[in-house]
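Chemist: Residue numbers (the working numbering), protein chains in the order written: chain A, 12 to 344; chain B, 12 to 344.
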DNA sequence: ACTTTATGTGTAACCGGTTACTCATTCGAG
DNA sequence: CTCGAATGAGTAACCGGTTACACATAAAGT
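As structure tokens, this is what we get:
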């Protein structure tokens, strides 16, 4: 391994001078700089980040914690984060938490042990002690917390839109899937939907789910149609759940969207290719990841951050699991 | 930050003794050990990996390089790798290469700079100088190279199976999508398919593609039906390409599988939920990632590895984009 | 001509661990 | 009872960078 000493020797200067050249700090004579740069070239030297990190007590590493990269929603988030970080020369230590508190703790610990300068996390436990103790910036992604900056989509509005749409398109006995209780955006969606359902006086039922895992979603889908067989509209807690519901509906011989309308949440890839293609509330996942990274970078650089909570807009994506909207409401105007 | 010195002071011993306790190395009196452990507890001390890594010249970090985590095939690979690594206490520095040589080089450099102990890569440039120079183990994943150990699926056999199936199911004018020329598994699939097509004397055409990007696949799908409008069977280079072909076929009003059969490759999530659900050649992506990590760990631990190239089996997954197999072949027996 | 200030470079301490080496004490074998 | 081996623990060098500080020389003010 080529070290700064080798470069110093080769260029006939001290390590301090090489370091100055590397970091473009302090005075270095133009001729000296050239000598050093030549030496660096010739020896193909790259500074060891570990040594640097040790002295500075900070690395160029960011911890990224997601529940499960295998869930089609998360790759987009991850990619957004990576792209922005990469632009500023940060690298990611990546982990799947599987919605397990222990795994989260373990990862947070290794992030700290590796002098990570920040953590971006789609945690399931935002209030966890491990986060509170940290003295590096934390940004919650697709999550909300009162103590930490966060980037998330407007779940409340999403829920409202979903309910409005499903009602306008004719559903009268709606079942709403309530996502995990401890995840704010999931609750917001739920509340937004219920809000509109109540205001408009449309009958609705609720099915609770505890996680975002596909397996659980499948069970809940069965439960849904068993408990409320006359449901004619389902607002799912996310697209994976919507898929499970769609499958179950089809299995039971129900026509979608004629007999049951289904609206998902997220707009994960390929969801528009199902049959019928799923209508959903789109979250800008890539952008959310990107913004979270951006926020993180500002935090790391100690810039005063005006906006610590970034709420992203959502939109209804009309596809085949909802019926066409009757166009008789606002005839003129 | 709590350091080993704080622990030593608190326990009334030297740092060497604390280190011995931590690493369970050398002689430490039982009473002393308890004192130290108590101090560690009370101060909530965790050793700094960076310092450790600097002295040992190796970290607990593994570089993982994938073309694009957003491509539905890769999350599974990544997850397999992560799960196995996690079992042995290794962590991942993760990067997307976007099939760009420059990005790969940059990532390899940072892996080295951070004292990564190994690199697992789905590289597009296995012969690249940057890999050859490395003196840490490299495992290629879903790729093949003569100089490095690799884990990949049996593409040749997969191609053969695809061709056999599509022929048995009645296609007589097959178009084969040839994946990127520099990616061996893609070529193997292609060759396997062509091999069978030639042996059986079925007419076939070829469309070349340069990358695995969805966008390109869409263009090529258009090109395919423009150049060979009477195609009645398509063997795609992967599922994303198969989706593009399916879409284009449907757009042109062709019935799938009645007029055109389509076989994909990979078996990515949700592909079985399309309409029609895509028949495909399944690669055990999660297992491949897991095995690659396992191989890497053996390499790191310096174990003599008998099997440096691990080829995983593939299988045909029959779904709706291929027709039913005529069952008249072996009537009695 | 004489301070000041700016420029240029080297020495050595430091970051937080690990380990080679040293030294002291205890134990067991002959 | 003696001596080598086993046990237990501390000191300091080391890993590869960064930077405070010292020092020398050149340029700029007065």
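Just so it is clear, CB atoms sit at the ideal spot from N, CA and C, and this is done for glycine as well.
1) Indicate whether at least one CB of chain B lies closer than 8 angstroms to the CB of residue 61/A.
2) In terms of DSSP beta bridges, what is residue 189/B paired with?
3) Please report the straight-line C-alpha distance between residue 122/B and residue 130/B, rounded to a whole angstrom.
4) Which residues of the region 168-180 of chain A have a Cβ closer than 8 angstroms to any Cβ of chain B? Give them in chain order.
5) At the level of alpha carbons, what is the spacing between residue 116/B and residue 58/B?
6) Alpha carbon to alpha carbon, how far is residue 41/A from residue 29/A? Give it in angstroms, no decimals.
7) Evaluate residue 16/B with the Cβ neighbour count: other Cβ atoms within 10 Å of its Cβ, from every protein chain shown; 16 or more gives buried, anything less gives exposed.
8) For the structure I just gave you, are there three or more beta carbon pairs, one from the region 162-179 of chain A and one from the region 227-237 of chain A, closer than 8 angstroms?
9) So with CB distances below 9 angstroms, who are the chain B contacts of residue 254/A?
10) Relative to the C-alpha of residue 34/A, which residue among 336/A, 48/A, 22/A is closest?
11) Any beta-carbon of chain B closer than 8 angstroms to the one on residue 105/A?
12) Helix or strand or just coil, what does DSSP make of residue 201/B?
13) So what does DSSP say about residue 28/A, is it helix, strand or coil?
14) Would residue 296/A and residue 96/A qualify as a contact pair, given that the criterion is a beta-carbon distance under 8 angstroms?
15) Grouping DSSP H, G and I as helix and E and B as strand, with all else coil, what is residue 334/B?
16) By Cβ distance below 7 angstroms, which residues in the same chain neighbour residue 148/B in space, the five residues on each side in sequence not counted?
17) Could you check which residue in 335/A, 46/A, 181/A, 137/A has the C-alpha nearest to that of residue 153/A?
18) Name the two residues that bound the continuous beta strand (DSSP E) containing residue 281/A.
19) From what residue to what residue does the alpha helix (DSSP H) around residue 121/B run?
20) Would you please state the rounded distance, in angstroms, between the beta carbons of residue 267/B and residue 172/B? I believe it to be under 8 angstroms.
21) List, in order along the chain, the chain A residues whose C-beta lies closer than 7 angstroms to that of residue 86/B?
22) Taking buried to mean at least 16 other C-beta atoms within 10 Å of its own C-beta, is residue 212/B buried or exposed?
23) Name the residues in the region 222-236 of chain A whose C-beta lies less than 8 angstroms from a C-beta of chain B; which are they?
24) Quick check on residue 327/B: does DSSP put it in helix, strand or coil?
25) Pick out whichever of 66/B, 237/B, 225/B, 265/B has its Cα sitting closest to the Cα of residue 252/B.
26) Looking only at its chain, what residues have a beta carbon closer than 6 angstroms to the beta carbon of residue 216/A, apart from the 5 residues adjacent to it on each side?
27) Could you check the C-alpha separation between residue 113/A and residue 184/A for me, to the nearest Å?
28) Using the three-state DSSP reduction, which class does residue 107/A fall into: helix, strand or coil?
29) Assuming the contact rule is C-beta atoms closer than 8 angstroms, residue 169/A and residue 203/A should be a hit. Round their C-beta distance to whole Å, please.
30) Residues of chain B with CB under 9 angstroms from residue 70/A, in chain order?
31) Would a C-beta distance cut-off of 8 angstroms place residue 101/A and residue 71/A closer than the cut-off?
32) Report yes if the C-beta distance between residue 302/A and residue 180/A is below 8 angstroms; otherwise report no.
33) For residue 344/A and chain B, any beta-carbon pair shorter than 8 angstroms?
34) Measure the Cβ-Cβ separation of residue 279/B and residue 290/B and say whether it is below 8 angstroms.
35) Could you round the C-beta distance between residue 108/B and residue 76/B to whole angstroms and report it? I think they count as a contact, below 8 angstroms.
36) For chain A, is any of its Cβ atoms less than 8 angstroms away from the one on residue 220/B?
Modeler: Put simply:
1) Translated into the one-based positions of the first chain, residue 61/A becomes position 50. Cβ-Cβ to chain B under 8 angstroms: yes for residue 61/A.
2) For the purposes of this step, residue 189/B is taken as residue 178 along the second chain, with counting starting at 1. According to DSSP, which records beta bridges pairwise, residue 189/B is partnered with 219/B.
3) Here residue 122/B corresponds to residue number 111 of the second chain, with the count starting at 1. Here residue 130/B corresponds to residue number 119 of the second chain, with the count starting at 1. Approximately 8 angstroms between the Cα atoms of the pair.
4) none
5) On the second chain, residue 116/B is found 105 positions in, with the first residue counted as 1. On the second chain, residue 58/B is found 47 positions in, with the first residue counted as 1. Going from the Cα of residue 116/B to the Cα of residue 58/B covers about 31 angstroms.
6) Taking the first chain and counting its residues from 1, the one referred to as residue 29/A is at position 18. Taking the first chain and counting its residues from 1, the one referred to as residue 41/A is at position 30. Approximately 13 angstroms between the Cα atoms of the pair.
7) By one-based count along the second chain, residue 16/B stands at place 5. Exposed is the call here.
8) no
9) For the purposes of this step, residue 254/A is identified with residue 243 of the first chain, where counting begins at 1. Ordered by position in chain B, the residues that pass the 9 angstroms Cβ test against residue 254/A are 281, 284.
10) Locating residue 34/A in the first chain gives position 23, counting from the first residue. For residue 34/A, the nearest C-alpha among the options comes from 48/A.
11) Stepping through the first chain from its first residue, residue 105/A is reached at position 94. Taking Cβ atoms only, chain B reaches closer than 8 angstroms to residue 105/A, which makes this a yes.
12) Locating residue 201/B in the second chain gives position 190, where the first residue counts as 1. Here residue 201/B sits in helix by DSSP.
13) Counting from 1 along the first chain, the entry for residue 28/A is found at position 17. Here residue 28/A sits in helix by DSSP.
14) For the purposes of this step, residue 296/A is taken as residue 285 along the first chain, with counting starting at 1. For the purposes of this step, residue 96/A is taken as residue 85 along the first chain, with counting starting at 1. Taking 8 angstroms as the Cβ cut-off, residue 296/A and residue 96/A do not qualify as a contacting pair.
15) Along the second chain, one-based indexing puts residue 334/B at 323. Note: residue 334/B maps to coil in three-state DSSP.
16) Here residue 148/B refers to the residue found at position 137 when the second chain is read from its first residue. So the qualifying residues of the chain are 129, 307, 310, 311.
17) What you label residue 153/A is simply residue 142 of the first chain in a count that begins at 1. When only C-alpha atoms are compared, the closest one is 137/A.
18) For the purposes of this step, residue 281/A is identified with residue 270 of the first chain, where counting begins at 1. Run containing residue 281/A: none; DSSP gives neither H nor E here.
19) Residue 121/B sits at position 110 when you count from the first residue of the second chain. Looking at the DSSP string, the run of the alpha helix (DSSP H) that includes residue 121/B is 112-124.
20) For this step, residue 267/B is matched to residue 256 along the second chain. For this step, residue 172/B is matched to residue 161 along the second chain. Contact doesn't hold; Cβ gap of about 20 angstroms is too wide.
21) In the second chain, the residue the question calls residue 86/B occupies position 75. What residue 86/B touches in chain A: 80, 81, 86.
22) Locating residue 212/B in the second chain gives position 201, counting from the first residue. Answer is exposed; the Cβ neighbour count stays below 16.
23) none
24) Reading the second chain from its first residue, position 316 is the one you call residue 327/B. Residue 327/B falls in the strand class under three-state DSSP.
25) The residue you call residue 252/B lines up with position 241 of the second chain. With distances taken between Cα atoms, residue 252/B lies closest to 225/B.
26) On the first chain, position 205 is the one that residue 216/A refers to. 186, 239.
27) Within the first chain, residue 113/A is the residue found at index 102, counting from 1. Within the first chain, residue 184/A is the residue found at index 173, counting from 1. C-alpha separation (whole angstroms): 40 angstroms.
28) In the first chain, counting from the first residue as 1, residue 107/A sits at position 96. DSSP places residue 107/A in strand when its eight states are reduced to three.
29) Here residue 169/A refers to the residue found at position 158 when the first chain is read from its first residue. Here residue 203/A refers to the residue found at position 192 when the first chain is read from its first residue. That belief holds up - the Cβ atoms of residue 169/A and residue 203/A are roughly 6 angstroms apart, short of 8 angstroms.
30) In the first chain, residue 70/A corresponds to position 59, counting from 1. 61, 125, listed in chain order.
31) Your numbering for residue 101/A matches position 90 in the first chain. Your numbering for residue 71/A matches position 60 in the first chain. Yes, these two residues count as a Cβ contact at 8 angstroms.
32) Here residue 302/A refers to the residue found at position 291 of the first chain. Here residue 180/A refers to the residue found at position 169 of the first chain. No. Outside cutoff.
33) Sequence index remark: in the first chain, residue 344/A carries index 333 (1-based). Note on residue 344/A: pLDDT 36, under 50, position unreliable in the model; no value is reported.
34) Here residue 279/B refers to the residue found at position 268 of the second chain. Here residue 290/B refers to the residue found at position 279 of the second chain. For residue 279/B and residue 290/B, no; Cβs fall outside 8 angstroms.
35) Sequence index remark: in the second chain, residue 108/B carries index 97 (1-based). Sequence index remark: in the second chain, residue 76/B carries index 65 (1-based). The Cβ separation is near 5 angstroms, so the contact holds.
36) The sequence position of residue 220/B within the second chain is 209, counting from 1. For residue 220/B, the answer is no, since every Cβ of chain A falls outside 8 angstroms of its Cβ.
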